[in-house]
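These notes are about the structure you will find just below.
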Amino acid sequence: MMKKILLIVVCALGLMTAKVNAQLTTVLSIDFAAQVDSMEIGGITNFQVRVRVTGNPDSLTGDIFYYYLTDSMQSVFAPPRVFLQDTVNELVTDLFLDTIPIDIQPNEIRTGPMNYIIIWPAMNVAVADTDSIVIQANCIGFIGLEPPITETKSNILFPCPALQYLYLRQEEIELISHIKMIGMKGETVDDIYPNRFSNGWVNIDQLKTGNYTALISYKNGSTVSMRFIKQ
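Take the sequence shown: its letters are residues 1 to 231, numbered as in the working numbering.
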């Protein structure tokens, strides 16, 4: 089992925020994260985090869990993984300390592009926003497999945020074979085939308010991931 000791530099990053309603102002965020032990690729590496609970209400009772993503996962459009989702309810107040055991896989940490790990909190109760933290990992040597070279695309779906419809760039319509909508918990909430977007727009009226990822599959086998907010 391969072990790599990484130098961790922590910085804050806002990610995946969603306004639920005008009255709810509770924000979950992580303002501190530290690697507890040496990183063990394929084994368990523990990260200690400090969760902030701000707004109204300033404490929540429910199952707190965490999303995990790396830049290498993003480069191949892999969805985030979920940790500590055990349906055990607990009181979460400001400056809540927790330890996240993450089984980092060889294809999730590489020598590039930047070697960062993103972690953000979530709960099974409604919150107004959630912010993430980025852990910068500097390593020596080669870890994992190099990601395939993919074409960079942007603004395929718009606008963001969206109310009822997402529109496709006209030149992309005939090239796309399938669109999969992924919710914040990593679940598939909709599968969309050409008969539903051949006119250039996608009806998302049935989706609940929140953050989503659209996995856009092309007829040539490539995939593009785009995030959007449903209001």
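Where is the CB? At the ideal position from N, CA and C, for every residue including glycine. All values reported here derive from a predicted model rather than from experimental measurement.
Should N220 be labelled buried (16 or more other beta-carbon atoms within 10 Å of its own) or exposed?
Mapped onto the sequence shown, residue 220 falls at position 220. With fewer than 16 other Cβ atoms inside 10 Å of its own Cβ, N220 counts as exposed.
What is the rounded straight-line gap between the Cα of R253 and the Cα of N89?
There is simply no residue 253 to check, as the chain begins at 1 and stops at 231 in what is shown.
Minimum C-alpha distance to I204 - residue among N46, F228, E187
Walking along the sequence shown from the start, residue 204 turns up at place 204. The shortest C-alpha separation from I204 is found at F228.
Based on DSSP bridge pairs, tell me the residues matched to Y66.
Residue mapping note: residue 66 aligns to position 66 of the sequence shown, counting from 1. Bridge pairing for Y66: F83, P121 [DSSP].
From E172, P57, I135, pick the residue whose C-alpha is nearest to that of L69; which is it?
Locating residue 69 in the sequence shown gives position 69, where the first residue counts as 1. Of the candidates E172, P57, I135, I135 places its Cα closest to the Cα of L69.
Could you tell me if A122 is buried or exposed, where buried requires 16 or more neighbouring beta carbons within 10 angstroms of its beta carbon?
Looking up residue 122 in the sequence shown gives position 122. A122 comes out buried.
For D31, the three-state DSSP class (helix, strand or coil)
In the sequence shown, counting from the first residue as 1, residue 31 sits at position 31. Strand.
Does DSSP classify G190 as helix, strand or coil?
Against the sequence shown, residue 190 aligns to sequence position 190. The identity of residue 190 in the sequence shown is Asp, whereas the question assumes Gly. Here DSSP, grouped into helix, strand and coil, assigns D190 to strand.
Per-residue burial, L80 [other beta carbons within 10 Å of its own, 16 or more giving buried]
Here residue 80 corresponds to residue number 80 of the sequence shown, with the count starting at 1. The sequence as given places Pro at residue 80; Leu does not occur at that position. P80 should be labelled buried.
Could you pull out every residue in the same chain whose Cβ sits closer than 6 angstroms to the Cβ of T99, ignoring the five residues on either side in sequence?
Position 99 of the sequence shown, counted from the start, is the residue given in the question as residue 99. For T99, where only same-chain residues beyond five positions count, the Cβ hits under 6 angstroms are N46, Q48.
How long is the line joining the alpha carbons of Y116 and M73, rounded to whole angstroms?
Sequence index remark: in the sequence shown, residue 116 carries index 116 (1-based). Sequence index remark: in the sequence shown, residue 73 carries index 73 (1-based). If you take the alpha carbons of Y116 and M73, they lie about 10 angstroms apart.
Per DSSP, what kind of secondary structure is N195 in: helix, strand or coil?
Within the sequence shown, the letter at position 195 stands for residue 195. Correct three-state label for N195: helix.
Contacting residues, own chain, Cβ-Cβ under 6 angstroms from Q164 (five flanking each side not counted):
Locating residue 164 in the sequence shown gives position 164, counting from the first residue. Shown here for Q164: same chain residues with a beta carbon closer than 6 angstroms to its own, the five before and five after excluded, namely D205 in chain order.
Which residues share a DSSP beta bridge with T61?
Here residue 61 corresponds to residue number 61 of the sequence shown, with the count starting at 1. T61 pairs with L91.
What does a CB cutoff of less than 7 angstroms around Y218 pick up in its chain, not counting 5 residues either side in sequence?
Here residue 218 corresponds to residue number 218 of the sequence shown, with the count starting at 1. Counting only Cβ-Cβ distances below 7 angstroms, and skipping sequence neighbours, we find L175, I176, S177.
Is L91 closer than 7 angstroms to T61 when the C-beta atoms are compared?
Start at 1 with the first residue of the sequence shown, and residue 61 comes out as number 61. Start at 1 with the first residue of the sequence shown, and residue 91 comes out as number 91. Closer than 7 angstroms, so yes.
Distance check for L157 and E172, CA to CA, integer angstroms please.
Within the sequence shown, numbered from 1, the residue matching residue 172 stands at position 172. Within the sequence shown, numbered from 1, the residue matching residue 157 stands at position 157. The C-alpha of L157 is placed about 10 angstroms away from the C-alpha of E172.
Going by DSSP, what residues sit across from K230 in a beta bridge?
If you number the sequence shown from 1, residue 230 lands on position 230. Listed as beta-bridge partners of K230 by DSSP are A162, G210.
May I ask you to report which of helix, strand or coil DSSP gives M39?
As a first step, residue 39 is located in the sequence shown; it is residue number 39 there, counting from the start. Residue state, collapsed to three classes: strand.
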